[in-house]
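Asks:
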Amino acid sequence: TKLDEILIRQNRESLAKACIAFLQHRVDLDLAGFENDIFSHSS
Numbered sequence: 027t028k029l030d031e032i033l034i035r036q037n038r039e040s041l042a043k044a045c046i047a048f049l050q051h052r053v054d055l056d057l058a059g060f061e062n063d064i065f066s067h068s069s
């Protein structure tokens, strides 16, 4: 795809894949009721 071409050209393909792979773990944490969200901006 066009996005794949851009990511390869900019040498960011592995970073993008890591971000996408992380999403499943993030969903698993949410479904498991993990309440300590390290990405939360509220205090």
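All residue numbers for the sequence shown refer to our numbering, where the first residue is 27 and numbers rise by one.
Virtual Cβ for every residue (Gly too), placed ideally from N, Cα, C.
(1) If you follow the alpha helix (DSSP H) that I34 is in, where does it begin and where does it stop?
(2) In whole angstroms, what is the alpha-carbon distance linking N62 and L55?
(3) Between which two residues does the alpha helix (DSSP H) harbouring A47 extend?
Replies: On the basis of the coordinates in this document:
(1) K28 to R35
(2) 10 Å
(3) E39 to L57
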